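Peer 1: Input: one structure, supplied below.
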Amino acid sequence: MDRPALPPPAALRSSPLHWVRRNLFSTWYNSLLTLLILAAAWTLVPGLAAWLVGHAVWSGDAAACRAEGAGACWAFVAEKWRFSLFGTYPVEQHWRPTLAMLLVVGLLLGSADRRLWGRPLLLLWPVVLLLAGLLMQGGVLGLETVPTYLWGGLPLTLGLSVVGLGLAFPLGVLLALGRTSAMPVFRALCTVYIELVRGVPLISILFMASVMIPLFLPQDVTVDKLLRAQIGLVLFAAAYLAEVVRGGLQAIPKGQVEAASALGLSYWQRTRMIVLPQALALVIPPLVNTFIGFFKDTSLVVIIGLLDLLGAAKSALTDPAWRGFYREAYLFVAVIYFIFCYALSRYSRHLEAQLSKGRRR
Amino acid sequence: MTLRHWARRAGVCLFLLTTAGLSGTASAATTLDTVKGRGQLLCGVNTGLAGFSNPDSQGKWTGLDVDVCKAVAAAVLGDANKVRYVPLTAQQRLTALQSGEIDILSRNTTWTLTRDAQGLNFLPPVYYDGQGFMVNKALGVTSAKQLDGATICVQTGTTTELNLADWFRANNLKFKGVVIEQLDELLAAFFAGRCDAFTSDESQMAGVRASVAPKPDDYVILPERISKEPLAPVVRHGDDQWKDIATWTLYALLEAEERGITAANVDQQTKNTDPNVQRLLGVTGDMGKMLGLDNQWALRAIKAVGNYGEMFERNVGKGSPLKLERGLNAQWTNGGLMYAPPIR
Numbered sequence: 003m004d005r006p007a008l009p010p011p012a013a014l015r016s017s018p019l020h021w022v023r024r025n026l027f028s029t030w031y032n033s034l035l036t037l038l039i040l041a042a043a044w045t046l047v048p049g050l051a052a053w054l055v056g057h058a059v060w061s062g063d064a065a066a067c068r069a070e071g072a073g074a075c076w077a078f079v080a081e082k083w084r085f086s087l088f089g090t091y092p093v094e095q096h097w098r099p100t101l102a103m104l105l106v107v108g109l110l111l112g113s114a115d116r117r118l119w120g121r122p123l124l125l126l127w128p129v130v131l132l133l134a135g136l137l138m139q140g141g142v143l144g145l146e147t148v149p150t151y152l153w154g155g156l157p158l159t160l161g162l163s164v165v166g167l168g169l170a171f172p173l174g175v176l177l178a179l180g181r182t183s184a185m186p187v188f189r190a191l192c193t194v195y196i197e198l199v200r201g202v203p204l205i206s207i208l209f210m211a212s213v214m215i216p217l218f219l220p221q222d223v224t225v226d227k228l229l230r231a232q233i234g235l236v237l238f239a240a241a242y243l244a245e246v247v248r249g250g251l252q253a254i255p256k257g258q259v260e261a262a263s264a265l266g267l268s269y270w271q272r273t274r275m276i277v278l279p280q281a282l283a284l285v286i287p288p289l290v291n292t293f294i295g296f297f298k299d300t301s302l303v304v305i306i307g308l309l310d311l312l313g314a315a316k317s318a319l320t321d322p323a324w325r326g327f328y329r330e331a332y333l334f335v336a337v338i339y340f341i342f343c344y345a346l347s348r349y350s351r352h353l354e355a356q357l358s359k360g361r362r363r
Numbered sequence: 244m245t246l247r248h249w250a251r252r253a254g255v256c257l258f259l260l261t262t263a264g265l266s267g268t269a270s271a272a273t274t275l276d277t278v279k280g281r282g283q284l285l286c287g288v289n290t291g292l293a294g295f296s297n298p299d300s301q302g303k304w305t306g307l308d309v310d311v312c313k314a315v316a317a318a319v320l321g322d323a324n325k326v327r328y329v330p331l332t333a334q335q336r337l338t339a340l341q342s343g344e345i346d347i348l349s350r351n352t353t354w355t356l357t358r359d360a361q362g363l364n365f366l367p368p369v370y371y372d373g374q375g376f377m378v379n380k381a382l383g384v385t386s387a388k389q390l391d392g393a394t395i396c397v398q399t400g401t402t403t404e405l406n407l408a409d410w411f412r413a414n415n416l417k418f419k420g421v422v423i424e425q426l427d428e429l430l431a432a433f434f435a436g437r438c439d440a441f442t443s444d445e446s447q448m449a450g451v452r453a454s455v456a457p458k459p460d461d462y463v464i465l466p467e468r469i470s471k472e473p474l475a476p477v478v479r480h481g482d483d484q485w486k487d488i489a490t491w492t493l494y495a496l497l498e499a500e501e502r503g504i505t506a507a508n509v510d511q512q513t514k515n516t517d518p519n520v521q522r523l524l525g526v527t528g529d530m531g532k533m534l535g536l537d538n539q540w541a542l543r544a545i546k547a548v549g550n551y552g553e554m555f556e557r558n559v560g561k562g563s564p565l566k567l568e569r570g571l572n573a574q575w576t577n578g579g580l581m582y583a584p585p586i587r
């Protein structure tokens, strides 16, 4: 974008009144909209604030929350946050999933810094994921074994998402390359796979994984439910990511590839050094869009009886002593989802700005 | 579980899948042997149904259906804690049982002919439920027959919805349905006065009235029952011994209530001179051995979860927030349907 040589006059920049006039009341319809929104806020906000904070019940039992005129029942969250966050994981071992999550989130934050990008970081990922898995599973270093069927809550959501995207992304890139490849068989296979998977809802894939596969297996062979769900999620996400990546691949001018070929680079060298870095940088917004969608899609595992963050919160609502506080439960879960998704989307904007410096003049 | 474990397992499964497909052999081990060998009972439960199967704040499963799992584990394995609870959705539950993912399904499943014929065996019902109507007292309605033209809140995609339509058609009455999938939203709609009546299984209505209704006393459950819902645990076809074990474990809990044996007094009751009690608790006779267990099977089950009456009151009855009446679930001696055949 072109920038004027001189900044705007100081009076224009600093006066709040001017800002209001320019941004809120610039035209008659903008003024009308502003007034309407103010009116809506005037009627809604006090009631909402009273419910959220003013009349909220912060401690005590369900009876206190059901008292006349009581607002939000944060006592419910105080009672159930542990179960919502960790599901049926044994309470005295909760430090383990906490530590595992901190490890993974720490690595995510570390990976956000471009200066750290490189081979060591790439190698660190499987190590940390393995470590987090071991920490959750136990059975080593005197840790009590906690089998996967007891896992739940946020670690499950995070694990399914991070491992799922970690595996689905390379698979998606390969599929996208296959679909744009010059080899007809390879191309057809990738196209069929992508179209087939994109053509069915995630629910039906999870359902297949959890209900159909066991019927085909002999009676004494059971595949871990979590593993089945994870495979289903990876296969699903890969198809979507493949299409996003293909969009980026097609945006790279042909001249780039031809120039690289002229320099004597092989297919993989071209792809790795010329095509993919540009293509992936181009598709960061839709990629992050898919990531965020996938992160939330993992909550669908509740239909196959896995208690992820949302599933555990729903299950917490069925405690006979604490029924009916679904607003509080859903708000609590929504806040957690929001933190992760918003952080991801902010980071993508930052990354996009950094990587597109070359194209901005 | 680590990724490497997963990969190895996946590999093993793929291998087994191919070999099994080639040779076509199936294992012939009985469920009892499998459970004993594993040292753990795999019990399918609901992902969350208040009073029947729900995790408490510490993540431990509790409820009437869960206690059935515990009782069977205590009888078979000698320890009520040796249960692995497999939370299942309504769609998954029967497949999970058929495919061997669980040994017993204890998940508020209605006993019907169709299900019974499709490779399943039902145990005695642990809860006799039935669909009914709940209305606001202010409406002045005393019978469901007076609900002609009423607006009725009902959950979608359940047999409840079908039963409702059937019953109104059979009685030549009309209704307007307010159909909502999520129970929470449905209840919010009902208690906000959007419907004249709410229809569901009696256990659910009573529970909802006791724990969700702003003023429980304002609502009344009408006397008509428009469906029979015997909720029973289920096992697979083809293993009669396992079915007998589970069946008679339930009967033992019923018999214990009839004879006044509780979790607290079961040890003293072994000195009881009543031959019925002596047989039940394994003092005389070989009841347990005939089932393929030892003779203390019933004693352990009762010690673990109490008799049926104790289970009921603790989870859904007076001792719980749901405050359900015994009703049909009372002992036959009290006008209910709970009746254990003689243990002899």
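Protein chains in written order, with the numbering used here: chain A, 3 to 363; chain B, 244 to 587.
Glycine included, each C-beta is placed from N, C-alpha and C at the ideal position.
Every value quoted in this text rests on a predicted model; they were computed, and no experiment measured them.
Could you tell me which residues DSSP puts in a beta bridge with glycine 184/B?
Peer 2: Examination of residue 184/B is not possible in this model, given that chain B is present from 244 through 587 alone.
Peer 1: Hey, how far is the Cα of glutamate 344/B from the Cα of valine 378/B?
Peer 2: 41 Å
Peer 1: Just tell me which of Val129/A, Ala80/A, Lys82/A has its CA closest to the CA of alanine 102/A.
Peer 2: Val129/A
Peer 1: Span of the beta strand (DSSP E) holding arginine 543/B?
Peer 2: No beta strand (DSSP E) contains arginine 543/B, which is instead part of the alpha helix (DSSP H) from 540 to 548.
Peer 1: Out of Leu145/A, Leu125/A, Ala77/A, Ala74/A, point me to the one whose CA is closest to glutamate 94/A's CA.
Peer 2: Leu145/A
Peer 1: Please list, in chain order, all residues of the same chain as glutamine 539/B whose beta carbon is under 6 Å from its beta carbon, the five residues on each side excluded.
Peer 2: Gly525
Peer 1: Is there contact here, the segment 454 to 462 of chain B with the segment 387 to 398 of chain B, by at least three beta-carbon pairs under 8 Å?
Peer 2: no
Peer 1: Distance, Cα to Cα, leucine 567/B vs tryptophan 354/B?
Peer 2: 21 Å
Peer 1: Return the CA-CA distance between aspartate 372/B and arginine 587/B, expressed in angstroms with no decimal places.
Peer 2: 30 Å
Peer 1: Can you list, in chain order, the stretches of the beta strand (DSSP E) that have 3 or more residues and sit fully within the segment 438 to 526 of chain B?
Peer 2: 440 to 444, 462 to 464, 472 to 479, all fully within the segment 438 to 526 of chain B.
Peer 1: Determine which residues share a DSSP beta bridge with phenylalanine 365/B and list them.
Peer 2: Bridge partners of phenylalanine 365/B: Val477/B.
Peer 1: Determine which residues share a DSSP beta bridge with proline 298/B and list them.
Peer 2: Trp304/B
Peer 1: So, is the C-beta of aspartate 483/B closer than 7 Å to a C-beta in chain A?
Peer 2: no
Peer 1: What would DSSP say about leucine 267/A, mapped onto helix, strand or coil?
Peer 2: coil
Peer 1: Helix, strand or coil, according to DSSP, for asparagine 415/B in the structure here?
Peer 2: coil
Peer 1: Could you check what DSSP says for leucine 219/A in three-state terms: helix, strand or coil?
Peer 2: coil
Peer 1: Which of the three DSSP states is assigned to valine 164/A in this structure?
Peer 2: helix
Peer 1: Can you pull the chain A neighbours of alanine 455/B, defined as C-beta to C-beta under 7 Å?
Peer 2: For the sequence presented, residue 455/B should be read as valine rather than alanine. What valine 455/B touches in chain A: Arg325, Gly326.
Peer 1: Any heavy atom of the ligand MG closer than 6 Å to the beta-carbon of leucine 366/B?
Peer 2: Although the ligand MG was asked about, the structure shown includes no ligands whatsoever.
Peer 1: Please report the Cβ distance between valine 251/A and threonine 182/A, rounded to the nearest whole angstrom; I am assuming they are in contact, meaning their Cβ atoms lie under 8 Å.
Peer 2: For the record, residue 251/A in the displayed sequence is leucine; it is not valine. With a Cβ gap of about 5 Å, leucine 251/A and threonine 182/A count as contacting.
Peer 1: Report yes or no: do three or more beta-carbon pairs, one from the segment 484 to 498 of chain B and one from the segment 531 to 551 of chain B, lie closer than 8 Å?
Peer 2: yes
Peer 1: Alpha carbons only, please: which of Phe293/A, Leu50/A, Ser358/A, Ser33/A is nearest the one belonging to phenylalanine 171/A?
Peer 2: Phe293/A
Peer 1: Quick one, which residues of the segment 290 to 302 of chain B are near chain A if we go by CB-CB under 7 Å, in chain order?
Peer 2: Thr290, Gly291, Leu292, Ala293, Gly294, Asn297, Pro298, Asp299, Ser300, Gln301, Gly302
Peer 1: Report the neighbours of arginine 84/A on chain B: residues whose CB is nearer than 9 Å to its CB, in chain order.
Peer 2: Ser300, Gln301, Gly302
Peer 1: Counting only beta-carbon separations shorter than 7 Å, does proline 322/A have a partner in chain B?
Peer 2: yes
Peer 1: Cβ of aspartate 427/B less than 7 Å from any chain A Cβ?
Peer 2: yes
Peer 1: Counting only C-beta atoms, is alanine 269/B closer than 7 Å to chain A at any point?
Peer 2: Caution is warranted here: a pLDDT of 43 is assigned to alanine 269/B, below 50, making its placement in the model unreliable, and the coordinate value is therefore given only provisionally. Cβ-Cβ to chain A under 7 Å: yes for alanine 269/B.
Peer 1: Does any C-beta atom of chain B lie closer than 7 Å to the C-beta of leucine 109/A?
Peer 2: no
Peer 1: Determine the direct distance from the alpha carbon of proline 585/B to that of leucine 308/A, and round the result to whole angstroms.
Peer 2: 41 Å
Peer 1: For glutamate 404/B, which residues in the same chain have their Cβ closer than 8 Å to its Cβ, ignoring the five residues on either side in sequence?
Peer 2: Val397, Gln398, Gly420, Val422
Peer 1: Give me the Cα-Cα distance between aspartate 322/B and alanine 506/B, rounded to the nearest whole angstrom.
Peer 2: 14 Å
Peer 1: Just checking, does the segment 469 to 477 of chain B make contact with the segment 337 to 353 of chain A on the three C-beta pairs under 8 Å criterion?
Peer 2: no
Peer 1: According to a CB-to-CB cut-off of less than 7 Å, which residues of the segment 202 to 220 of chain A neighbour chain B?
Peer 2: Those residues of the segment 202 to 220 of chain A that come within reach of chain B (Cβ to Cβ, closer than 7 Å) are Ser212, Val213, Pro216, Leu217, Leu219, Pro220.
Peer 1: Just checking: is the beta-carbon of valine 337/A within a distance shorter than 7 Å of some beta-carbon in chain B?
Peer 2: Answer no: the Cβ-Cβ gap between valine 337/A and chain B never drops below 7 Å.
Peer 1: Give me the Cβ distance between serine 563/B and proline 99/A, rounded to the nearest whole Å; I'm assuming they're in contact under 8 Å.
Peer 2: Not quite, the Cβ-Cβ distance comes to about 30 Å (not below 8 Å), so this is no contact.
Peer 1: Is it the case that the Cβ atoms of glycine 155/A and glycine 89/A are separated by a distance below 7 Å?
Peer 2: yes
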